[in-house]
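Residue numbers (this note's numbering), protein chains in the order written: chain A, 3 to 358; chain Z, 5 to 405; chain C, 14 to 299.
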Amino acid sequence: MYITLDGVSRQYGDIWAVDRVNMGIGQSEFVSLLGPSGSGKTTLLRIIAGLEKPTTGRVLIDGVDVTDLPPHRRGVAMVFQEFLLFPHRTVYENLAFPLRMLKLPKAEIEERVAWVVGILSLAGLEKRYPNQLSGGQQQRVALGRGLVGRPKALLLDEPLANLDRELRQEMEVEIRRHQIALGIPFIYVTHNQEEALSMSDRIAVVRRGRIEDFAPRTQIYDTPRTAFIAQFVGRSNRFEGTLDGAGMLASDCGARLAVPAAGLAAGSRAMLFVKNEKLRLDPAGATPAGANSLACTVKDVILRGAYADYILAFGNRELNASRPRSERAFLAGEAVTASFDAADMDLFDADGERPS
Amino acid sequence: MKPHESHSAAAQAAAPASSSVDRRQALKTLAAGALATVTAPYIRPASAAPTQLRALMWEGYLLPDVIAGFEEKYKVKFAPTFFDGNSEAYNKLRVGGTKDFDLVQADGFWPSLYFREKLIRTVDYAKMPSTQHLFPVFKPDQYKLLTDEKTGVQFGVPFCWGSYGTTYNADQVPAEKAASIEVLFDPEFGGRLSTSARFEENIALTGILVASRMGTIDKPRPDGKSFNPYVLTDAELDGVEKLLIEQKKLLLTRYQDNATLEQLLASGAVVAAPEFAQVYRLLLAKKAKGEIDTTFAHTLVPKEGGLGWVDTWLVSSGVPDGAGLDVCQSFIDLMTAPETMKKIALASGCSTTIDIRSLSTPEEQKLYLMDRTGELSKMYMFDQPSSTEKWERVWSRMQAA
Amino acid sequence: MKGRWSGPLLLGVPTAFLLALFVLPLVSMVVLSFWRTENYHIVQDWNLGNYLTLATEGAYVTFLVRSLVMASLVSVICVVIAWPVSYAIILYGGRYRLLFTLAFAVPFLTGEVLRVIALQGLLGPLGLINGVLMALGAAPLRFIMYTNVASAIGLVYLYLPIVVTVIYLSLLNFDARLIDAAKIFGASPARAFFEITWPLNLFGTLIGFALCFIPCLSATLAPRFLGGPNGTLYGMAMAQQFGESGTWALGAAMGVVLFLTSILAVLAVCLKVDLRRTGFTGFGRG
């Protein structure tokens with residue numbers, strides 16, 4: 003592996019902000035560290051950067067143990083959430099900064115800055131100061147400053163959090179394109195699952211300083227390894243209840259649901275997640291498509307463009323379904339049958355683990 | 005405007021307003037009252053009994069317990085402001101100070117200057133019985149500097165007196181050397197001399213030396229009067245400047261206050277310095293207590309001549325006849341009472357103009373020169389420099405040299 | 014009240030304030046400087062005599078040069094001391110930061126006179142330093158007794174708290190994560206300091222410098238109590254004109270010269286320093 007984290011932990015007072023993390027990241031891999039705020043993902047990134055020292059464990063980059071190296075000797079670059087452009091330097095000088103630190107000849111600096119100005123469409127802004135730029139322009143300069151030194155890895159700490167949605171989606175595509183073009187690992191910290199899903203090769207879900215799972219993005223989304231991931235990634239309906247001997251779950255909300263065969267004993271508590279888009283809707287009375295069916299009433303319809311979100315009343319609780327607009331539309335107040343297959347469910351034991 | 009009157013007027017107006025409950029009237033009264041309250045401290049009444057007695061004085065004469073008793077008896081607050089030199093006090097008075105101060109202190113010729121310029125007013129010795137205890141040389145018939153030549157009325161009361169003699173470390177400086185002003189310019193004592201920071205006395209004292217060296221001290225003077233070290237010719241001033249510049253190398257520092265000089269002398273860092281004999285007396289008291297064992301002596305009048313001063317209490321011209329003047333005179337009377345003067349002598353180390361021999365031991369009588377008041381006539385009284393501009397230039401050139 | 018008039022009214026307050034407390038005294042000083050005095054009397058005839066005296070009489074030029082050298086030295090020393098002190102408070106002060114800052118303000122609560130006199134006690138022939146030296150059998154330090162060195166020590170002591178406070182505030186306002194950014198992009202800690210921390214706090218440092226330099230230029234007390242016979246500085250000489258010799262007009266002219274010198278010094282610094290290069294936008298951070 004190109005970057006290896008070997009049993010990395012970081013303690014602050016009594017709290018383990020990063021707890022025994024082992025990770026291997028390949029060259030030219032795009033990895034996201036996804037987790038809620040305070041989960042330790044930024045600390046982990048700062049440990050890789052060298053801005054924090056791990057309490058225990060080692061960090062290896064390109065085969066070299068860099069655990070004790072200060073940040074400026076690690077050869078990695080970083081893009082910060084607040085951009086952190088040098089306010090007293092022009093765009094050109096900000097971009098040239100890493101190259102000057104590398105003591106490159108002036109001609110090469112000019113050439114490389116010109117290259118980065120070109121790929122990030124910053125032409126004409128070179129003489130401006132950061133506070134004379136829009137948020138998107140600042141973000142591009144920050145990204146350019148990260149790329150210009152051809153680092154061994156680029157670390158991105160929620161770089162898009164301060165941008166508006168449209169700009170963010172544009173930048174997601176662009177960042178991914180540059181990563182592919184440069185062929186270096188990008189390690190991308192975010193709490194936004196959409197960003198993680200849209201760009202990453204693999205996603206590491208971070209929770210309470212630990213890596214909950216580190217897997218290809220489809221796997222993280224389609225077969226979450228823990229209840230936490232199922233809850234955190236994608237939008238799901240959650241059922242809790244007790245298993246009976248017949249492979250059925252008696253949910254606390256009053257549904258009886260057929261569950262996939264699993265190594266869970268009868269009478270044990272279990273959690274079950276069904277993604278919103280797996281919940282199919284049919285008019286009440288029609289034969290439901292899935293094995294499990296629940297009689298609901300449409301409470302509200304939220305139009306999302308290509309699809310519609312339905313808020314359904316089932317007994318005392320709400321369920322959420324997301325259906326393409328190409329399907330039959332339902333109106334608020336309509337009685338519907340929501341159904342899904344056992345295969346579309348993710349079942350977890352009371353500890354939130356997937357039963358083996 | 006007489007704000008205290010307006011203040012009471014507002015108070016009177018407030019009474020009917022509160023009974024008639026006329027809102028507008030009440031508001032008006034309130035506003036007037038507030039205005040009067042705000043302005044009252046800044047504008048003084050012309051005739052009302054004062055609530056404050058403001059003095060511009062030397063700090064060394066402050067006796068907190070005596071003043072507390074006075075405040076208690078006359079129901080006034082005593083508010084002193086201190087100054088370091090006559091010209092500073094004079095400056096303060098000239099720029100509106102007569103409205104800011106009731107009592108003023110000055111010495112030598114300065115009171116007559118103040119009176120000519122209407123900065124101070126006449127006083128009545130009959131209202132101040134303590135003046136009967138003045139030594140004969142300070143009574144108005146002998147001491148002319150506090151009496152208006154035209155009317156014969158007094159405008160000040162003598163308080164303490166002294167010289168600007170040389171206090172020296174008798175273990176280090178022989179008496180015959182200390183008897184001359186030359187000692188302050190003697191390279192033998194280089195780095196161990198000190199003078200005050202006051203430009204007038206430094207120049208005047210050096211002026212006496214220069215004039216006696218040049219022989220101009222007993223020659224006819226350009227102004228036809230006898231020699232006055234505060235009226236120096238340009239040639240003499242040139243000599244003073246040269247001498248002061250030479251002296252600079254020999255000085256450890258120019259002391260800013262008596263406490264500093266006392267420390268410097270007591271520690272032996274300084275062996276001779278001109279001063280008002282106050283430090284000298286403090287040092288003798290210390291020696292008597294066994295705190296130091298160096299012997300100090302004081303040359304009252306150097307052989308070339310010396311400077312002398314009589315501190316006086318004056319009443320500012322801003323004080324009108326009546327209650328205001330009465331309080332001022334009562335204060336002066338208290339301060340010049342023999343019992344108070346005894347305390348002042350001990351606290352400040354000054355000789356008194358009031359005869360307190362009956363209250364003093366023979367040693368005190370000697371120490372405070374109570375039998376030597378006659379020597380005052382041999383001294384040149386503190387005065388205003390003939391040209392402060394010229395003197396200032398001499399002083400600045402010396403400082404920059 | 015609201016709307017049309019509130020703006021001018023609100024701006025009127027600082028304007029009136031400036032007029033009453035700054036412009037009027039300055040104007041009266043300028044007027045006085047073109048008059049003359051004669052034995053404690055102001056003579057109101059317009060003349061340039063005071064300025065002529067200041068220009069031709071070497072003494073006053075000497076005072077000014079002495080003061081300029083003294084103020085520059087003291088300000089540089091203060092900045093050099095204040096930087097590590099403020100930096101240490103920021104880095105290691107933790108939750109006691111505020112306490113440290115307040116502690117630095119404590120000397121302001123006592124008067125300047127008191128502080129100078131305390132220092133006189135410390136540096137004088139009987140002072141703590143020489144007392145200890147002599148008790149140890151060593152010779153007393155002549156150069157700290159009533160010399161310009163003593164004045165300089167006094168001035169550093171008087172104005173260091175201001176400089177520390179100003180630089181501390183500048184550092185507090187400074188986004189220290191920019192240092193992280195610099196390090197990530199290859200700057201060693203020392204390089205990061207000179208590339209980022211120093212330039213971005215240069216403006217604050219200059220304010221600290223000026224807040225030390227300008228009062229040092231007009232210092233009166235420290236040279237008077239500590240400076241000794243050769244320690245007369247411009248401010249002290251100027252104070253003599255007002256306090257003792259009654260040569261107010263000359264003193265006023267000295268004041269005008271001092272004011273112009275201060276302005277020139279500040280202007281020179283402003284012209285030398287490109288505020289943009291200190292990250293200063295004039296509109297706060299961002």
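C-beta: ideal position from N, C-alpha, C; glycine also. The model shown is predicted, which means the values in this text are computed figures rather than measured ones.
- In the structure shown, C:F30 adopts helical secondary structure according to DSSP, grouped into three states.
- Judged by pairs of C-beta atoms under 8 Å, the stretch 155 to 170 of chain A touches the stretch 41 to 55 of chain A, as three or more such pairs exist.
- Just so you know, the alpha carbons of C:F207 and C:N214 end up roughly 10 Å apart.
- In the DSSP annotation of this structure, C:V36 is not part of any beta strand (DSSP E), being labelled neither H nor E.
- Secondary structure remark: continuous beta strand (DSSP E) runs of at least 3 residues inside the stretch 59 to 138 of chain Z, in chain order: 81 to 86, 107 to 111.
- Contact check for Z:G312 against Z:G112 passes: the beta carbons are separated by less than 9 Å.
- DSSP places Z:V398 inside the alpha helix (DSSP H), whose first and last residues are 392 to 404.
- Looking at C:F216, C:W59, C:P38, C:A200, the one whose alpha-carbon comes closest to that of C:N186 is C:F216.
- Relative to A:D343, the option among A:L321, A:L259, A:C298, A:M80 whose CA is nearest is A:L259.
- For C:S99, there is no enclosing beta strand (DSSP E); the residue is found in the alpha helix (DSSP H) stretching over 71 to 105.
- Apart from sequence neighbours up to five positions away, the residues of its chain that approach Z:I336 with a beta-carbon distance below 6 Å are M132, V161, W317, ordered along the chain.
- With respect to A:G28, A:L104 sits apart: the two C-beta atoms are not nearer than 9 Å.
- Around C:L213, the beta-carbon contacts reaching into chain A at under 9 Å are F88, P89, H90.
- Residue contact check for Z:P68 against chain C: no CB pair falls below 9 Å.
- Taking a Cβ-Cβ threshold of 9 Å, the residues of chain C close to Z:E396 are Q253, Q254, E257, S258, G259, T260, L263, in chain order.
- Spanning the alpha carbons of A:G243 and A:R271 requires a straight line of approximately 6 Å.
- Of the candidates A:E84, A:F316, A:A337, A:R12, the residue whose Cα lies closest to the Cα of C:L191 is A:E84.
- Annotated three-state conformation of C:P120 is helix, per DSSP.
- Taking 9 Å as the threshold, the shortest C-beta distance from C:E70 to chain A does not fall below it.
- Closest in C-alpha terms to Z:S200, from the list Z:T210, Z:I212, Z:Q260, comes Z:Q260.
- Taking a Cβ-Cβ cut-off of 7 Å, C:N60 has no neighbours in chain Z, whose nearest Cβ is about 13 Å from it.
- As the crow flies, the alpha-carbon of A:M3 is around 5 Å from that of A:G26.
- For C:R204, no beta strand (DSSP E) run applies; the uninterrupted alpha helix (DSSP H) run containing it begins and ends at 202 to 205, by DSSP.
- When the Cα atoms are used, C:S183 and C:V82 turn out to be separated by approximately 26 Å.
- DSSP places Z:V177 in no alpha helix (DSSP H); its state is neither H nor E.
- Any Cβ of chain Z closer than 9 Å to the Cβ of C:N52 would place that residue at the interface, and such an atom is present.
- Contact annotation, A:V300 with A:L36: C-beta distance approximately 32 Å; criterion of less than 8 Å not satisfied.
- Boundaries for C:W48: no alpha helix (DSSP H) harbours it, and the DSSP string shows neither H nor E there.
- Residues of the stretch 308 to 321 of chain Z whose Cβ lies closer than 8 Å to any Cβ of chain C: none.
- When the beta-carbon positions are compared, Z:S320 and Z:L188 stay at least 9 Å from each other.
- Here Z:K370 is exposed, its C-beta having fewer than 16 other C-beta atoms within 10 Å.
- For the options Z:E92, Z:R125, Z:P115, the alpha carbon positioned closest to that of Z:D330 is the one of Z:R125.
- A:K43: member of the alpha helix (DSSP H) spanning 43 to 51, first to last residue.
- Z:D387 has its alpha-carbon roughly 16 Å from the corresponding atom of Z:L241.
- Neighbours of Z:F113 in chain C, taken as residues at a C-beta separation under 8 Å, are lacking, since the least C-beta distance is about 13 Å.
- In this structure Z:L60 is in contact with Z:Q109, their Cβ atoms being roughly 7 Å apart against a cut-off of 8 Å.
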